[in-house]
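Under this note's numbering, read the sequence shown as residues 1 to 365, first letter to last.
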Amino acid sequence: MNAMTIYEKRLAQVRRKFAVWGVEGIYISSPENRRWLSGFSGSAGAILVTQEQAWLATDFRYWEQAEAQAPTFTLYQEQHTQKLLETAVQGNIPVRIGIEAQSTTLADYAKLTALDHITLVPLNATLEPLRAYKSRDELAKIRAAAAITDKAMAQFPQIAHPGISEQAAAWELEKVMRDAGAEAMAFDVIVASGTNAAHPHHHPGERTLHVGDPIIVDMGAQVAGYKSDMTRSFFLGEPDEQFWSVYNLVLAAQTAVIQQTQPGMSCQTVDAIARDMITNAGHGEHFGHSLGHSLGLCIHEQPFLSQFPRGEIHHIETGMVVTVEPGVYIPGWGGVRIEDLVLVTDSGLEPISQCPKESIIAIDV
């Protein structure tokens, strides 16, 4: 007997959840869940899964692509994918169908509720908790994306110089990642210099780099749909005492997390390892975001390493991939963030990101 494909295994996982969700089928329309469950990467489509069948609806533009990427599914060609439910679920027997509460628009919900004999069951989390555990194939894609990001980040000291704008530096980094094989950016490249480095998600602008600037660079590549994420902090010229003080604190906090975290720990406990160190050093008010998050087909996925419970996953387990990204941001001065991707293993956290955090910080001018 042939072994089950990864998509057949995922369908089986989803069907085992029907009893928990109280449904007889599930309707999936979000691009990331659709791709994870079927392999189909087109930008338009919907999936309906029952205990007996699995349908993928898409339009003429993606028909051949769907045939090639989703052989496990019965294909249904329709421009208005909501009609898949009407066609597939026929008869007068009432059927309870789960839908994605977080990604179903009000307009789509209105169309779906108009269908006879179907009761919609909004679900706050459908496939996201299943997606938290990465397969070997997923890990290989994430590692490939991370390796491209490593390569680009290592070149930033050659890209950065007095007079180059944040925008231009970001574009140079994107070109390096594209040339190295990235199909897309995981998100817009962040280059934040000087006082802009106090803004965690600064959008690169026309400001030019100057000697004496702290610089935060945050970026990630995408390979076969899967994303990476890494941040490094630099100083243009010889770092001053304040920069080294903040930098060494952030690095020590990140190192402590990577060394002390074990599978089974709560996300809040992991966050507290770094947050307590930074708070005790007098910078608690300057660390205003969560410690980290998972990623994959989305740049932000569950679990979230946060001081506040978020989502449905509150502990980290073997097979998950998360970021560890403490930061300190001081208005009027700048900031420091250091971020690595790590894999949760039976023995702790295994770094995926490989770009140095110590030897390339000071940029010669």
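Backbone N, C-alpha and C fix where the C-beta goes; we use that ideal spot for every residue, glycine too.
query                                                                                                                    : result
For LEU120, the residue or residues it bridges with in DSSP                                                              : ILE97
Cut-off 6 Å between Cβ atoms - residues of its own chain near THR5, not counting five sequence neighbours on either side : none
Residues of its chain near GLN452, where Cβ-Cβ distance is below 6 Å and the 5 sequence neighbours each way are ignored  : A question about residue 452 goes unanswered here, because the residues of the chain that appear run from 1 up to 365.
Test item: CB-CB of GLY334 and ALA197 under 8 Å                                                                          : yes
LEU372 vs ALA70 beta-carbon contact at 8 Å                                                                               : Because the chain here runs from 1 to 365, residue 372 falls outside it and cannot be looked at.
ILE215: first and last residue of the uninterrupted beta strand (DSSP E) it sits in                                      : 214-219
Reduced DSSP category for MET1 - H, G, I as helix; E, B as strand; rest coil                                             : Residue placement at MET1 is poorly supported in this model, since its pLDDT is 41, which falls under 50; the coordinates still yield a value, given next. Coil at MET1, not helix or strand.
Simplified DSSP assignment, three categories, for TYR329                                                                 : strand
Of the residues MET185, GLY194, ASP346, the one placed nearest GLY237, counting alpha carbons only                       : GLY194
When VAL189, PRO200, ALA281, HIS203 are compared against ALA221, the one with the closest alpha-carbon                   : VAL189
Inter-stretch contact (C-beta, 8 Å, three-pair minimum) for the segment 316-331 and the segment 249-264                  : yes
Beta-carbon proximity check, LYS227 vs ILE316, cutoff 8 Å                                                                : no
contact_flag[the segment 159-173, the segment 204-222] where n(CB pairs < 8 Å) is 3 or more                              : yes
Alpha-carbon spacing of ALA182 relative to ALA152, whole angstroms                                                       : 11 Å
Residue from SER245, PRO122, GLU32, LEU48 with nearest C-alpha to LEU130                                                 : GLU32
Opposing strand residues paired with GLN77 [DSSP bridges]                                                                : THR58
For ARG207, the first and last residue of its enclosing alpha helix (DSSP H)                                             : Element bounds for ARG207: n/a, residue is neither H nor E.
Span of the beta strand (DSSP E) around SER233                                                                           : 230-236
Residue(s) in a DSSP beta bridge with TYR430                                                                             : Residue 430 cannot be examined here, being either before or after the span of the chain that is shown, 1 to 365.
Helix, strand or coil at ARG310 according to DSSP, with G and I counted as helix                                         : coil
Residue environment, MET1, which counts as buried when at least 16 other CB atoms sit within 10 Å                        : The predicted model places MET1 with a pLDDT of 41, which falls under 50 and marks its position as unreliable; any figure quoted below should be read in that light. Burial call: exposed.
Residue interval of the beta strand (DSSP E) (run including ILE47)                                                       : 46-50
From GLN155, HIS293, PHE187, residue whose alpha carbon lies closest to that of HIS201                                   : PHE187
Proximity below 8 Å, CB of GLY296 to CB of PRO303                                                                        : no
Backbone secondary structure at VAL321 - three-state DSSP                                                                : strand
Assumed close pair TYR62, GLY45 - CB separation to whole angstroms, cut-off 8 Å                                          : 7 Å
Spatial distance of LEU115 from PHE40 (CA atoms)                                                                         : 26 Å
Assigned exposure category for ARG136 - 16 Cβ within 10 Å defines buried                                                 : exposed
Three-state class that DSSP yields for GLU241 in the structure shown                                                     : helix
Extent of the continuous beta strand (DSSP E) to which THR345 belongs                                                    : 340-345
C-beta atoms of VAL211 and VAL336 nearer than 8 Å                                                                        : no
Per-residue DSSP class, three states only, for ARG164                                                                    : Sequence inspection shows Ile at residue 164; the Arg mentioned does not correspond to that position. Coil, per DSSP.
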